[in-house]
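Report on the following structure.
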Amino acid sequence: MVKKIKLLKEIKKYFSGDVNSPVRSFKSVGMTPIIIKSGSGSKIKTYNSKTYIDYCMSWGALIFGHSNTDIIRAVRNQLSYGTSYGFTNNYEVELAKEISKALPSVEKIRFVNSGTEATMGAVRVARKFTSRNKILKFEGCYHGSSDLLLRTDNSFIVSYNDLESVEKTVKKHYRSIAAVIVEPIAGNMGVILPDKNFLMGLRNICNRYEIILIFDEVITGFRIQYGGAQIKYNIKPDLTCLGKIIGGGFPVGAFGGKKEIMELLAPSGDLYQAGTFSGNPISMIAGLKTLQKLEYADYGLIEGRTEYLCDFIENEAKKNSVDIQINRIGSMFSLFFINKKVYDYVSVKKQNVKKFKKFYKLLFNKSVLFSPSPFESNFISFAHTQEDIEKTIKIFSSVLRRIR
Numbered sequence: 020m021v022k023k024i025k026l027l028k029e030i031k032k033y034f035s036g037d038v039n040s041p042v043r044s045f046k047s048v049g050m051t052p053i054i055i056k057s058g059s060g061s062k063i064k065t066y067n068s069k070t071y072i073d074y075c076m077s078w079g080a081l082i083f084g085h086s087n088t089d090i091i092r093a094v095r096n097q098l099s100y101g102t103s104y105g106f107t108n109n110y111e112v113e114l115a116k117e118i119s120k121a122l123p124s125v126e127k128i129r130f131v132n133s134g135t136e137a138t139m140g141a142v143r144v145a146r147k148f149t150s151r152n153k154i155l156k157f158e159g160c161y162h163g164s165s166d167l168l169l170r171t172d173n174s175f176i177v178s179y180n181d182l183e184s185v186e187k188t189v190k191k192h193y194r195s196i197a198a199v200i201v202e203p204i205a206g207n208m209g210v211i212l213p214d215k216n217f218l219m220g221l222r223n224i225c226n227r228y229e230i231i232l233i234f235d236e237v238i239t240g241f242r243i244q245y246g247g248a249q250i251k252y253n254i255k256p257d258l259t260c261l262g263k264i265i266g267g268g269f270p271v272g273a274f275g276g277k278k279e280i281m282e283l284l285a286p287s288g289d290l291y292q293a294g295t296f297s298g299n300p301i302s303m304i305a306g307l308k309t310l311q312k313l314e315y316a317d318y319g320l321i322e323g324r325t326e327y328l329c330d331f332i333e334n335e336a337k338k339n340s341v342d343i344q345i346n347r348i349g350s351m352f353s354l355f356f357i358n359k360k361v362y363d364y365v366s367v368k369k370q371n372v373k374k375f376k377k378f379y380k381l382l383f384n385k386s387v388l389f390s391p392s393p394f395e396s397n398f399i400s401f402a403h404t405q406e407d408i409e410k411t412i413k414i415f416s417s418v419l420r421r422i423r
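Note that this note's numbering has the sequence shown beginning at 20, numbered continuously upward.
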C-alpha cells in the first residue's frame with residue numbers, strides 16, 4: 020500500500036489527469052487509478068499485490084489473455100534480430116496476407132500504430148477519392164481522439180440504428196459527404212448491436228449516393244469471429260479500420276480496402292501518410308502469431324462462456340428484482356442498469372449510472388475487474404477458464420443482493 024501511495028503521488032506530479040488515457044482514471048466509477056504490475060492469462064495483478072479476474076483484457080486487444088506463451092515466444096525471438104528497422108520487413112507482408120485472406124474487402128492495406136491513426140487515414144483517403152469534405156458518423160460511436168473525427172463542424176451526426184435519419188441527411192447533403200463511418204457493432208457506448216437491416220441499409224445508401232462506407236472494426240475485427248463483423252453480417256465496406264487484436268498486445272492499427280481508393284496514398288498517389296514505427300517487426304510478429312492461432316481457434320468456446328455468464332447474471336438479477344439489460348455478441352458484453360432495450364446512445368444514457376457505480380465497487384472489492392465505465396464493453400478471452408466464470412458467478416450472486 021505504501022508503494023502504491025508513493026506511485027500515485029508521482030503519477031499526479033507527471034501525468035495530466037493522473038493517466039495517459041481518460042478511462043484509466045476510474046473517474047466514471049468514483050475511484051482512483053489502479054497501478055498494474057503484471058498480467059498472466061485471465062488475471063491481472065496490481066502493485067499492492069491484489070489479483071483480479073480481468074474482463075477488460077486491455078480493452079479487447081488480448082483475445083488470448085495476458086502474456087500468452089506462443090506470442091511472447093515469437094516476440095522474444097524477434098527481439099534478437101531488432102525492434103524497428105524503418106524499412107519494410109517480411110512480417111508486414113505475412114500479416115497483410117492473413118488479414119486480406121480473412122477480409123476479402125481489404126485489397127490493399129496500410130499499417131499504422133493505433134486505431135486513431137487508422138480512422139484518420141481512412142477518412143483522409145475517402146475525402147481524396149470523392150473530392151468531398153464532410154463525414155457522416157453516429158452519436159455514441161468513437162473513432163479515435165483526432166480533431167478530424169471529434170470535431171462536429173465537418174461532420175453530420177445521426178442516431179445509430181436509425182436508417183431514416185441517415186437517408187434524410189444523406190439525401191440533403193450527399194454532394195458534400197465523403198464517407199459514412201460506423202462501428203458495425205458499437206463498442207464505445209457499451210455493446211450496441213445493429214438492427215437487422217441497418218448495415219445493409221447503410222451499404223445501399225452509400226452505393227446510391229457514391230459515398231465511401233468505412234467500417235471501424237478496431238474492436239470487432241477478429242473479436243466476434245475470425246475476420247469480424249463484416250464477415251458475420253456479410254456486408255462489404257469500401258474501407259476497414261483495424262487495431263487491437265491484430266497487434267497481439269502491441270501498438271498497431273491498419274486501414275485498407277478497395278485498391279483504387281488505397282492507391283491514392285503516397286508513393287503510388289499524392290496523399291501523404293507515413294510513420295516511423297508503422298509495420299514494425301515486433302507488432303507484426305505478435306499480430307501474425309495471434310491471427311495464425313485464431314484461424315483455428317474455437318470461437319464458440321469463448322462465446323459459450325460469455326453466454327453462460329450473461330445468462331446467469333440476467334437470471335440472478337430477476338431473482339433480486341434488479342433491472343439489468345445485457346447486450347452481448349461473441350465474447351463482448353455490456354451491462355446496463357435499466358429495464359428497457361438499449362439500442363442507441365439516447366437509450367444508453369438512460370441507464371442508472373449511480374447503480375452501476377455501486378455495483379462496480381462491490382465487484383472490484385471482490386477481485387473482479389470489469390471495464391470502469393458504464394459506456395464500455397467487457398471481454399472474455401481464451402485464457403478465461405470455466406473456473407474463472409464460476410468464481411465470477413458466485414461473486415455476482417452476492418453483489419446483486421446488495422444493490423437492490
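Backbone N, C-alpha and C define an ideal beta-carbon position, used for all residues, glycine too.
Between the beta-carbon of Ser-390 and that of Asn-397 there is about 5 Å, and that keeps the pair under the 8 Å contact cut. Put simply, of Pro-286, Ile-399, Tyr-364 and Lys-377 the residue whose alpha carbon is nearest the alpha carbon of Cys-329 is Ile-399. Only buried fits Ile-238, as 16 or more other CB atoms lie within 10 angstroms of its CB. About 19 Å separates the beta carbons of Thr-404 and Ile-90, which is beyond the 8 Å limit, so they are not a contact pair.
Per DSSP, reduced to three states, the secondary structure at His-85 is strand. In its chain, beyond the 5 residues on either side, Gly-349 and Ser-350 have a beta carbon closer than 7 Å to the beta carbon of Glu-322. Classified as buried, Phe-355 has 16 or more neighbouring CB atoms from the shown chains inside 10 Å of its CB.
Of the candidates Tyr-104, Arg-194 and Pro-213, Arg-194 places its Cα closest to the Cα of Ser-150. Cys-75 has its alpha-carbon roughly 22 Å from the corresponding atom of Tyr-362. When DSSP states are grouped into helix, strand and coil, Ser-57 belongs to the strand group. Of all alpha-carbon atoms in Ser-178, Arg-242, Phe-83 and Arg-146, the one lying nearest the alpha-carbon of Ser-366 is that of Ser-178. According to the DSSP secondary-structure assignment, Gly-262 is paired through a beta bridge with Gly-272. Annotation note: the stretch 302-336 contains no uninterrupted alpha helix (DSSP H) run of length 4 or greater.
Residue pairing by DSSP places Arg-129 opposite Phe-274 in a beta bridge.
The beta carbon of Phe-331 sits closer than 8 Å to the beta carbons of Ile-412 and Phe-415 from its chain, once the five residues preceding and following it are set aside; these are given in chain order. Taking a 10 Å sphere around the C-beta of Asp-73, we find 16 or more other C-beta atoms and assign the residue as buried. By the Cβ-count criterion, Ala-205 is buried, with 16 or more other Cβ atoms from all chains shown falling within 10 Å of its own Cβ. Ser-297 and Asn-132 have their C-alpha atoms roughly 6 Å apart. Beta-bridge annotation (DSSP): Lys-153 is paired with Ile-196. Within the DSSP secondary-structure output, Ile-224 pairs in no beta bridge. Here Tyr-71 is buried, its C-beta having at least 16 other C-beta atoms within 10 Å.
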